[in-house]
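**Student:** My structure is below; once you've seen it, I'll send some questions.
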């Protein structure tokens, strides 16, 4: 079950930076200018709270935000998306996914409501299904 499919765009920096992952060569993961072509900027939010692309999931174990093979055990790969505030919160650490001010990389920070660098936009989001499966809290 997928609740959101599309580019994950940061509200900070003028909505020009997107989460991007190149699984070849260096396996680079971070923020790059949005190109609107999907591909390496196409992500899904699963019913298990995974931010995934194919079999790769966004993972946070306490240091850097990384991409690892999806394991289906939640934990480091479980996220909560608040459609109203646009925040992506890590279920274990309770920190929010943010983008550095220069737009160069992702970081985990204390959640702040008014920080646009912690606000993310999924263009296609099924709010009712997300609430039903506990990926989003009811408003």
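In this note's numbering, the protein residues as written are -7 to 131. Where is the CB? At the ideal position from N, CA and C, for every residue including glycine.
Return the Cβ separation of residue 100 and residue 57 in integer angstroms, given the expectation that the two are a contact with Cβ distance under 8 Å.
**Tutor:** Confirmed, Cβ separation roughly 6 Å.
**Student:** Counting only runs that start and end within the region 94 to 119, where is the beta strand (DSSP E) found for 3 or more residues in a row?
**Tutor:** As far as the region 94 to 119 is concerned, its whole beta strand (DSSP E) runs of at least 3 residues are 98 to 101 and 112 to 114.
**Student:** How about residue 109 and residue 93: do their beta carbons lie closer than 8 Å?
**Tutor:** Against a cut-off of 8 Å, the Cβ pair of residue 93 and residue 109 comes out as a contact.
**Student:** Hey, residue 83 and residue 28: beta-carbon distance below 8 Å or not?
**Tutor:** No, the Cβ-Cβ distance between residue 83 and residue 28 is not below 8 Å.
**Student:** Using the Cβ count rule (16 or more neighbours within 10 Å means buried), how would you classify residue 46?
**Tutor:** Exposed.
**Student:** Excluding five sequence neighbours on each side, which residues of the same chain lie with their C-beta closer than 7 Å to the C-beta of residue 8?
**Tutor:** The residues are 25 and 26.
**Student:** On a Cα-Cα basis, can you pick out the residue from 35, 14 and 13 that is closest to residue 114?
**Tutor:** Among 35, 14 and 13, the Cα nearest to that of residue 114 is on 35.
**Student:** Please determine, among 55, 54 and 32, the residue with the shortest C-alpha to C-alpha distance to residue 48.
**Tutor:** Considering only alpha carbons, the answer is 32.
**Student:** Let's test the definition: count the other Cβ atoms within 10 Å of the Cβ of residue 91 and tell me whether it reaches 16, buried, or not, exposed.
**Tutor:** Flag for residue 91 reads buried.
**Student:** Count the other CB atoms within 10 Å of the CB of residue 81; is the residue buried (16 or more) or exposed (fewer)?
**Tutor:** Buried: at least 16 other Cβ atoms inside 10 Å.
**Student:** At the level of alpha carbons, what is the spacing between residue 133 and residue 107?
**Tutor:** One cannot answer for residue 133 here, as it falls past the ends of the chain, which runs -7 to 131.
**Student:** Helix, strand or coil: how does DSSP classify residue 33 here?
**Tutor:** Residue state, collapsed to three classes: helix.
**Student:** Curious, which full-length beta strand (DSSP E) runs of at least 3 residues does the region 58 to 98 contain?
**Tutor:** For the region 58 to 98, whole beta strand (DSSP E) runs of length 3 or above, ordered along the chain, are 71 to 74, 79 to 82 and 88 to 91.
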